[in-house]
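Count the sequence shown with the working numbering and you get residues -11 to 60, in order. The C-beta atom is built at its ideal place from N, Cα and C for all residues, glycine as well. What follows is one structure encoded as structure tokens, with my remarks underneath.
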Amino acid sequence: MPTPGKPVLGIETSCDETAASVVEGGRRVLSSVVASQDDLHAEYGGVVPELAGRAHVERIIPVLRKALGDAG
-11 MPTPGKPVLG IETSCDETAA SVVEGGRRVL SSVVASQDDL HAEYGGVVPE LAGRAHVERI
49 IPVLRKALGD AG
């Protein structure tokens, strides 16, 4: 369990989303950023694994920077 008041960075990826958030004390959300790949896969009618993997690599650093910046 996180120490009260200490911020925790959470990173999550699904097949078509890359996300990060910062939570303080296990309850207070300081930031939450999600980069969706809906537009990328729309023309194919579903998720294309190769494209999804590359998109995660391209988006993780900007998502992390925004989540950390938004959290202060």
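Assigned secondary structure, residue i (DSSP; H/G/I helix, E/B strand, else coil)
{"i": "Arg15", "result": "coil"}
{"i": "Gly41", "result": "helix"}
{"i": "Val35", "result": "coil"}
{"i": "Gly57", "result": "helix"}
Burial state of residue i, where buried means 16 or more other Cβ atoms lie within 10 Å
{"i": "Val10", "result": "buried"}
{"i": "Asp27", "result": "exposed"}
{"i": "Arg47", "result": "buried"}
Supposed contact pair residue j and residue i - C-beta distance, whole angstroms, cut 8 Å
{"i": "Ser75", "j": "Ala55", "result": "This structure gives no information on residue 75, because the portion of the chain shown stretches from -11 to 60."}
{"i": "Arg8", "j": "Leu39", "result": "It is worth fixing the name first, because residue 8 is Ala in this sequence and not Arg. With a Cβ gap of about 21 Å, Ala8 and Leu39 do not count as contacting."}
Short Cβ contact (9 Å threshold) for residue i with residue j
{"i": "His29", "j": "Val36", "result": "yes"}
{"i": "Asp4", "j": "Ala59", "result": "no"}
{"i": "Gly(-7)", "j": "Glu12", "result": "yes"}
Below-9 Å beta-carbon distance, residue i vs any chain B residue
{"i": "Ser20", "result": "Of the protein chains in the structure, only one exists, and it is not chain B."}
Span of the alpha helix (DSSP H), counted from its first residue to its last, around residue i
{"i": "Asp26", "result": "Asp26 to His29"}
The beta strand (DSSP E) enclosing residue i, as first and last residue numbers
{"i": "Gly(-2)", "result": "Pro(-5) to Thr1"}
Cβ-heavy atom distance, residue i to the ligand FMN, below 8 Å
{"i": "Val51", "result": "Within the structure as shown, the ligand FMN is missing, as the structure has no ligands at all."}
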